[in-house]
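A.B. asks: Provided herewith is a single structure, encoded as structure tokens, for subsequent inquiry.
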Amino acid sequence: MSFFRGGTAMTKDYSPEKKAALLKAIDNALTGMGEPVKKTVMWHLNDQGVYIGCNNIDVLRLYSTLEQLIGSGADVVFNEVYSELEKQLTPDILTRLDSESCHDCPLTRIEKLLNAGGNN
Amino acid sequence: MSSSTFDFKKPRRNLILAAVAAILAVNAIILFAPDVESRNYYGNITGPVTAAVAAAFSLLVVKRQKLSGIFGRTYAALAIGLAMWFIAEGLWTYYTIGLQVEAPFPSLADVFWLAGYGPLGYHLFATAKFYGRVKKHTTVIVSVAAAIFAAAYVNSIIDSSMLTGENSYIPLAITIIYPILDAVMVIPVVLILVNPVRGQLTSIPWIFISWIFTTSADAMFGQTIVANLAAEVTIWNLLYNAAYICMAAGLYWYNRYFIFDEKKLTVAWQRAHR
Numbered sequence: 001m002s003f004f005r006g007g008t009a010m011t012k013d014y015s016p017e018k019k020a021a022l023l024k025a026i027d028n029a030l031t032g033m034g035e036p037v038k039k040t041v042m043w044h045l046n047d048q049g050v051y052i053g054c055n056n057i058d059v060l061r062l063y064s065t066l067e068q069l070i071g072s073g074a075d076v077v078f079n080e081v082y083s084e085l086e087k088q089l090t091p092d093i094l095t096r097l098d099s100e101s102c103h104d105c106p107l108t109r110i111e112k113l114l115n116a117g118g119n120n
Numbered sequence: 121m122s123s124s125t126f127d128f129k130k131p132r133r134n135l136i137l138a139a140v141a142a143i144l145a146v147n148a149i150i151l152f153a154p155d156v157e158s159r160n161y162y163g164n165i166t167g168p169v170t171a172a173v174a175a176a177f178s179l180l181v182v183k184r185q186k187l188s189g190i191f192g193r194t195y196a197a198l199a200i201g202l203a204m205w206f207i208a209e210g211l212w213t214y215y216t217i218g219l220q221v222e223a224p225f226p227s228l229a230d231v232f233w234l235a236g237y238g239p240l241g242y243h244l245f246a247t248a249k250f251y252g253r254v255k256k257h258t259t260v261i262v263s264v265a266a267a268i269f270a271a272a273y274v275n276s277i278i279d280s281s282m283l284t285g286e287n288s289y290i291p292l293a294i295t296i297i298y299p300i301l302d303a304v305m306v307i308p309v310v311l312i313l314v315n316p317v318r319g320q321l322t323s324i325p326w327i328f329i330s331w332i333f334t335t336s337a338d339a340m341f342g343q344t345i346v347a348n349l350a351a352e353v354t355i356w357n358l359l360y361n362a363a364y365i366c367m368a369a370g371l372y373w374y375n376r377y378f379i380f381d382e383k384k385l386t387v388a389w390q391r392a393h394r
């Protein structure tokens with residue numbers, strides 16, 4: 001089963017706040033696996049051309065590469081990313097997303113969260 | 121998408137071959153022994169040896185990984201569980217070879233075996249939660265199937281039990297506890313094994329296949345205990361050895377490919393980009 005249904009590569013030029021929130025969320029989610037495992041995963045991501053920390057991170061590609069490396073664990077990491085983003089983004093966006101997004105895959109929810117309220 | 125520097129297929133294939141060769145070699149010692157006594161003797165030696173190998177790999181993982189994050193905690197639990205089972209195997213061997221008596225049932229070894237289910241269960245369920253992208257109805261079906269299997273097995277144990285007398289309740293109860301715990305453990309194992317998305321870096325499904333061997337061995341062992349055939353039928357020793365070797369193989373993979381080792385990764389990268 002793939003979670004790419006209807007997804008688009010998330011390389012849009014989001015506002016600096018959203019970019020910072022996304023990078024922080026990804027970093028925290030990967031840290032949740034444990035530091036040595038995070039380092040390994042980061043090394044392999046870089047090896048495959050996925051750079052976390054760069055300005056325009058492609059979340060879709062990050063997800064697919066992560067899934068290639070740790071299988072279904074990518075969903076857990078992305079659920080964590082979504083939870084972290086939820087904490088950091090404004091409550092009015094969350095209110096609008098809550099009713100429609102609770103059954104979506106983590107990647108779609110993250111995309112909706114980042115697109116909510118405009119890109120900038 | 122750029123391809124990975126690493127070719128995981130070759131080392132995975134080599135590890136499968138090495139694990140199968142190790143299982144065959146260790147079990148050949150038991151299978152080619154001349155009589156039942158010798159098979160029991162070698163079985164009682166290979167059990168703690170293979171358990172020690174698995175426990176040693178798990179301790180190496182904890183030493184390198186420490187306790188941070190979900191993997192730090194789950195693999196520490198795995199190490200505690202394997203250490204307990206190693207002690208249990210050692211105690212069993214001490215009874216049978218050291219003291220040269222038939223191991224009592226239940227014995228102190230059973231305390232360690234049963235206690236080991238706690239941390240091992242934590243590892244299994246936490247890992248399955250991380251890797252298990254499984255639909256709810258699959259979980260329900262697997263759980264119901266495991267419950268039916270456990271009920272049928274417990275029923276057959278009680279029916280075929282030769283344990284009689286006032287003191288037979290505790291051995292019978294303990295014989296029943298094992299398959300119930302195994303049935304609980306089998307649920308995450310099956311859920312992980314039916315999930316096809318596993319990932320190049322992960323030690324899936326090694327550790328989970330190990331549980332299939334353990335559960336099968338426990339089922340056979342329980343039947344031989346209640347039928348008073350434990351001294352004559354020792355096929356379960358082969359399965360326990362296979363279980364520990366599979367566990368060791370999974371932990372080797374985890375240690376080699378999942379825990380960061382800058383030196384090894386740099387060497388691999390340099391080789392790939394020569």
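Those sequence lines, one after another, are chains Y and W. Just so you know, the first sequence maps onto residues 1 to 120 in this note's numbering. Just so you know, the second sequence maps onto residues 121 to 394 in this note's numbering. Every residue gets a Cβ at the ideal spot worked out from N, C-alpha and C, and that includes glycine. All figures in this text were calculated on a predicted structure; none of them were measured in a lab.
Going by Cα to Cα distance, which pick from W:GLY285, W:ALA293, W:ASN348, W:LYS256 is closest to W:ILE307?
C.D. replies: The residue with the shortest Cα to Cα distance from W:ILE307 is W:LYS256.
A.B. asks: Can you give the beta carbon distance from W:PHE328 to W:VAL309, rounded, assuming they're within the 8 Å contact cut?
C.D. replies: Indeed they touch by this definition, with Cβ atoms about 5 Å apart.
A.B. asks: Checking 8 Å against the spacing of the C-beta atoms, do W:THR216 and W:ASN164 come in under that value?
C.D. replies: In contact: W:THR216 and W:ASN164 (Cβ atoms closer than 8 Å).
A.B. asks: Short check: CB of W:LEU321 to CB of Y:LEU23, under 8 Å?
C.D. replies: For W:LEU321 and Y:LEU23, no; Cβs fall outside 8 Å.
A.B. asks: Relative to the alpha-carbon of W:TYR242, which residue among W:MET305, W:ASN348, W:ASP155, W:ARG159 has its alpha-carbon at the smallest distance?
C.D. replies: Checking every option, the nearest Cα to that of W:TYR242 belongs to W:MET305.
A.B. asks: Determine, for Y:GLY53, whether the minimum Cβ-Cβ distance to residues of chain W falls below 8 Å.
C.D. replies: For Y:GLY53, the answer is no, since every Cβ of chain W falls outside 8 Å of its Cβ.
A.B. asks: Taking CB distances under 8 Å as the criterion, tell me whether Y:PRO106 reaches chain W.
C.D. replies: No, its Cβ sits nowhere closer than 8 Å to a Cβ of chain W.
A.B. asks: If I measure Cβ to Cβ from W:PRO226 and keep anything under 7 Å in the same chain, skipping five residues before and after, which residues do I get?
C.D. replies: Excluding sequence neighbours, W:PRO226 sits near ILE290, PRO291, ILE294.
A.B. asks: Is the number of C-beta pairs between the segment 175 to 194 of chain W and the segment 30 to 37 of chain Y that are closer than 8 Å three or more?
C.D. replies: Touching, yes.
A.B. asks: Check whether the Cβ atoms of W:TRP212 and W:ALA171 lie closer than 8 Å to each other.
C.D. replies: Not closer than 8 Å, so no.
A.B. asks: Would you verify that the beta carbon of Y:SER72 is, or is not, closer than 8 Å to some beta carbon of chain W?
C.D. replies: By this cut-off, Y:SER72 is an interface position.
A.B. asks: Short check: CB of Y:ILE52 to CB of Y:LEU85, under 8 Å?
C.D. replies: No, Cβ-Cβ distance for Y:ILE52 and Y:LEU85 is not below 8 Å.
A.B. asks: With a Cβ-Cβ cutoff of 8 Å, do W:GLY167 and Y:GLY73 count as a contact?
C.D. replies: Against a cut-off of 8 Å, the Cβ pair of Y:GLY73 and W:GLY167 comes out as no contact.
A.B. asks: At which residues does the alpha helix (DSSP H) containing Y:LEU45 begin and terminate?
C.D. replies: Taken as a continuous stretch (DSSP letters only), the alpha helix (DSSP H) holding Y:LEU45 covers 35 to 47.
A.B. asks: Show which residues of chain C have a CB atom less than 9 Å away from the CB atom of Y:GLU35.
C.D. replies: Absent from the structure is chain C; the protein chains it does hold are Y and W.
A.B. asks: Helix, strand or coil for Y:CYS54 per DSSP?
C.D. replies: The answer is strand: DSSP assigns Y:CYS54 an E or B state.
A.B. asks: What does a CB cutoff of less than 6 Å around W:GLY370 pick up in its chain, not counting 5 residues either side in sequence?
C.D. replies: Taken in chain order, the residues that qualify are SER323, TRP326, ILE327.
A.B. asks: Any beta-carbon of chain W closer than 8 Å to the one on Y:VAL81?
C.D. replies: Chain W contact via Cβ: absent.
A.B. asks: Are the CB atoms of W:SER178 and W:ALA199 within a distance shorter than 8 Å?
C.D. replies: Yes, the Cβ-Cβ distance between W:ALA199 and W:SER178 is below 8 Å.
A.B. asks: Hey, would you say W:ASN375 sits closer than 8 Å to W:ARG132, going by beta carbons?
C.D. replies: No, they are not a contact pair.
A.B. asks: Any residues in the segment 315 to 333 of chain W with a beta carbon nearer than 8 Å to a beta carbon of chain Y? Which ones, in chain order?
C.D. replies: Flagged, chain order: ASN315, VAL317, ARG318, GLY319, GLN320, LEU321, THR322, ILE324.
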